[in-house]
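Participant:
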Amino acid sequence: MPGPLRLTGIPASHGYAKGLLFRLDAATNAYVAKGSPEAEARALALAIEGASEQLAALATQTLGEAADMLEFQLAMLADESLAAPAFAAIEDGGPADQAWRAALDAEIAGYEASDDDYFRARSADLKDIRQQVLDVLVPASDLSLPAGVILVGDDIGPTRFLAVDWSQGGGIALAKGSSASHVAMLARARGVPMVVGLGPVPSDFKLPAFLDAEHGHVLLGPSDEAEALFHRAAEAFVARRRAAEESSAKPAATANGTPVRVLINVADPSDVERIDVATCDGVGLMRTEFLFGKPEGLPDEETQYRAYRKVLEWAAGKPVTIRTVDAGGDKPVPNYTVDEGNPFLGLRGIRLSLARPEIFRVQIRALLRAAVHGNLKIMFPMIAVPEEFTLAAALFAEEAESLAKAGIEHVLPPLGIMVEVPSVAIAPELFADVAFFSIGSNDLTQYVMAAARDNTAVAALNSVHNPAVLRLIASVAAFGSANDIPVSLCGDAGGDPAAIPALLEAGLRDLSVVPAQLALAKAAIAGVTL
Ligand code: PEP
Ligand code: MG
């Protein structure tokens, strides 16, 4: 039995777990050949159909991000080009299981070779799909994953994650994996500890293992002292999380009583279904890209109107800031964004909206109509020069006038901008006629530091703590308060307890955070003395 051993990876979802290791790739039964290419093709078609039915059934039991992810997988399974190479191999005499595996392996290799984190992370979905179909073709003796164990493997698909009863504890330790994967998002949303990038985990270790997903370790056979340290850190983590949850219903304030507004970032409108509006001060950023990235194509006015109205009604009068579509960069949208050598510096966000006014006008009309249902503010992403704001605002005015002429109910909301391109942060006085500023620290940091937000090789440079980034944030906050222009921050740093003290010191009093960070952000604010 090996040990003591400490493996180190990257935390993908914070927390601690102790449990037996359970291998995700445990042996399955052998495939029974069907005898003819026609029978093999039929077996594969039925397996794809069976897997789709299982996914659809699972989708009806899930909400928000998980439901989206399942829809994404269903759309991929429905795409005939995915299985075409497998059916071709079957025609050449191959068995269905090998043909399917080879076809998916080739597709996965393509995704894994991508330079883009987003596409690499999506390879986990393809592996999940590969497994779903294989599970129908070659039923294993027992597919259910036990509760309370630490799942170990190269990677884990979202549907297998959703099949586990996490109420009994447990965690995930992956040799590969990615913190940007769908599974990592699900794990964070559900508080399941997860570490990725550990390298090989010994499969013959039979004692309980210790997963420290706060610092990214797996301990096998630790010394008594290391085990005691693990338990102390785990207890402290649980106490911090509990204290944070208990205080999450109260408005946030610093230790010396300065109020801070904490809003939430949403993407899919169903994100708000699990959140009590009383725990936050509204929505500081609703990203609308999710509506544009669907397999069925770009969304029509009615689809958008319903999505915006749903969030506004949920907010019950609290402010909701919806951002016009920020496609491009790390968020490509089929049939909309263009192929570019350097998409982060290309036709992205407001630049693309202004270049495609026929598409932008549809979103504008949906927003103007939805504004009737709550306290809406609109913001434009990737603004670099004042003319972009002027042009976008003019389109809003034109569409409002045409709705008025048609007698359609609408409201023209306050129009603000993201501060995420350094030109705006350096010279905010050029934008003195906007209704508000919202600092996009994710992009502002990558552009100030010339370190891409999705490139782990330069992750250390991509830091909001760099004095250059903090100085720009402070100067925008000072400009806003001197000129009565509200300034908030909606990048990921707003929900990062390690960054919150510096952001408050920089003068910010409005932060918008991912819902999973709401309680921890409030707790971090309560620990700051200004
Ligand atoms: C940001 O850049 O900080 C931001 C909030 O926008 P996004 O992450 O969607 O680019
Ligand atoms: Mg941005």
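Sequential numbering from 6 applies to the sequence shown in the working numbering. In this text, a Cβ means the ideal position worked out from N, Cα and C, and glycines have one as well.
Within the same chain, show all residues whose beta-carbon is closer than 7 Å to that of R125, passing over the 5 residues directly before and after it, in chain order.
Facilitator: Indexing the sequence shown from 1 puts residue 125 at position 120. So the list reads Y116, E117, S119 and S183, once near-sequence residues are dropped.
Participant: Buried or exposed: which applies to S146, given that a residue is buried once 16 or more other Cβ atoms fall within 10 Å of its Cβ?
Facilitator: On the sequence shown, residue 146 is found 141 positions in, with the first residue counted as 1. In this predicted model, S146 has a pLDDT of only 48, less than 50, meaning its place in the structure is not dependable; the value taken from the coordinates is given anyway. Counting Cβ neighbours within 10 Å, S146 comes out exposed, since fewer than 16 surround it.
Participant: Of the choices A371, N347, R328 and L381, whose alpha-carbon is the least far from that of A592?
Facilitator: No answer is possible for residue 592: it lies beyond the span of the chain, which begins at 6 and ends at 535.
Participant: Buried or exposed: which applies to A399, given that a residue is buried once 16 or more other Cβ atoms fall within 10 Å of its Cβ?
Facilitator: Here the question's residue 399 lines up with position 394 in the sequence shown. Classification for A399: exposed.
Participant: According to DSSP, simplified to helix, strand and coil, what is F215?
Facilitator: Locating residue 215 in the sequence shown gives position 210, where the first residue counts as 1. Residue state, collapsed to three classes: strand.
Participant: Around the C-beta of D209, are 16 or more other C-beta atoms found within 10 angstroms, so that it is buried, or is it exposed?
Facilitator: Position 204 of the sequence shown, counting from 1, holds the residue named residue 209. Counting Cβ neighbours within 10 Å, D209 comes out exposed, since fewer than 16 surround it.
Participant: For F436, does the three-state DSSP call read helix, strand or coil?
Facilitator: Reading the sequence shown from its first residue, position 431 is the one you call residue 436. F436 falls in the helix class under three-state DSSP.
Participant: If you run the structure through DSSP and keep just helix, strand and coil, what is A17?
Facilitator: Position 12 of the sequence shown, counted from the start, is the residue given in the question as residue 17. In this structure, A17 counts as strand in the three-state DSSP scheme.
Participant: To test your reading of the DSSP string, which unbroken beta strand (DSSP E) runs of 3 or more residues are found completely within the region 163 to 196?
Facilitator: Runs found: 176 to 179.
Participant: May I ask you to check if the CB of G289 is nearer than 7 Å to at least one heavy atom of ligand 2?
Facilitator: Position 284 of the sequence shown, counting from 1, holds the residue named residue 289. No; taking the cut-off as 7 Å, the Cβ of G289 has no heavy atom of ligand 2 nearer than that.
Participant: Got a sec? Which residues, its chain only, sit under 6 Å from M6 by beta carbon, not counting five neighbours each side?
Facilitator: The residue labelled residue 6 in the question sits at position 1 within the sequence shown. Because the pLDDT at M6 is just 47, under 50, the model does not fix this residue reliably, and the value given afterwards should be weighed accordingly. Nothing meets the Cβ criterion.
Participant: Which whole-angstrom value is the C-beta distance of R28 and G158, which I expect to be below 8 Å?
Facilitator: What you label residue 28 is simply residue 23 of the sequence shown in a count that begins at 1. What you label residue 158 is simply residue 153 of the sequence shown in a count that begins at 1. About 6 Å separates the two Cβ atoms, so the contact holds.
Participant: If you measure between the beta carbons of F242 and L224, is that distance less than 8 Å?
Facilitator: Taking the first residue of the sequence shown as 1, we reach residue 242 at position 237. Taking the first residue of the sequence shown as 1, we reach residue 224 at position 219. No, Cβ-Cβ distance for F242 and L224 is not below 8 Å.
Participant: What do you get for A111, buried or exposed, if any count of 16 or more other CB atoms within 10 angstroms of its CB means buried?
Facilitator: Within the sequence shown, residue 111 is the residue found at index 106, counting from 1. Under this definition A111 is an exposed residue.
Participant: I'd like the span of the alpha helix (DSSP H) that includes D102, first residue to last.
Facilitator: Numbered from its first residue, the sequence shown carries residue 102 at position 97. Counting along the chain, the alpha helix (DSSP H) containing D102 begins and ends at A101 to E117.
Participant: Hey, out of E363, V367 and A332, whose CA is closest to L352's CA?
Facilitator: If you number the sequence shown from 1, residue 352 lands on position 347. Among E363, V367 and A332, the Cα nearest to that of L352 is on A332.
Participant: Determine whether the beta carbon atoms of P227 and L25 lie at a separation below 8 Å.
Facilitator: In the sequence shown, residue 227 corresponds to position 222, counting from 1. In the sequence shown, residue 25 corresponds to position 20, counting from 1. No.
Participant: For a test of your reading of the model: does the CB of M423 fall under 7 Å from any non-hydrogen atom of ligand 2? Yes or no.
Facilitator: The residue labelled residue 423 in the question sits at position 418 within the sequence shown. Yes, Cβ of M423 sits closer than 7 Å to a heavy atom of ligand 2.
Participant: Does at least one heavy atom of ligand 2 sit under 7 Å from the Cβ of D448?
Facilitator: Here residue 448 corresponds to residue number 443 of the sequence shown, with the count starting at 1. Correct: D448 has its Cβ closer than 7 Å to ligand 2.
Participant: How is V518 classed by DSSP in three states: helix, strand or coil?
Facilitator: As a position in the sequence shown, residue 518 is number 513, starting the count at 1. If DSSP states are grouped into helix, strand and coil, V518 belongs with the strands.
Participant: Run through DSSP, which three-state label would H415 get?
Facilitator: Indexing the sequence shown from 1 puts residue 415 at position 410. Reduced to three states, the DSSP call for H415 is coil.
Participant: At a cut of 8 Å, does the region 356 to 369 reach the region 293 to 311 through at least three beta carbon pairs?
Facilitator: Enough Cβ pairs lie closer than 8 Å, so yes.
Participant: Tell me whether D438 is buried or exposed, calling it buried when 16 or more other Cβ atoms sit within 10 Å of its Cβ.
Facilitator: Position 433 of the sequence shown, counting from 1, holds the residue named residue 438. Its Cβ having fewer than 16 others within 10 Å, D438 is exposed.
Participant: Does the Cβ of D331 lie closer than 7 Å to at least one heavy atom of ligand 2?
Facilitator: Stepping through the sequence shown from its first residue, residue 331 is reached at position 326. It does: the Cβ of D331 is within 7 Å (strictly closer) of some heavy atom of ligand 2.
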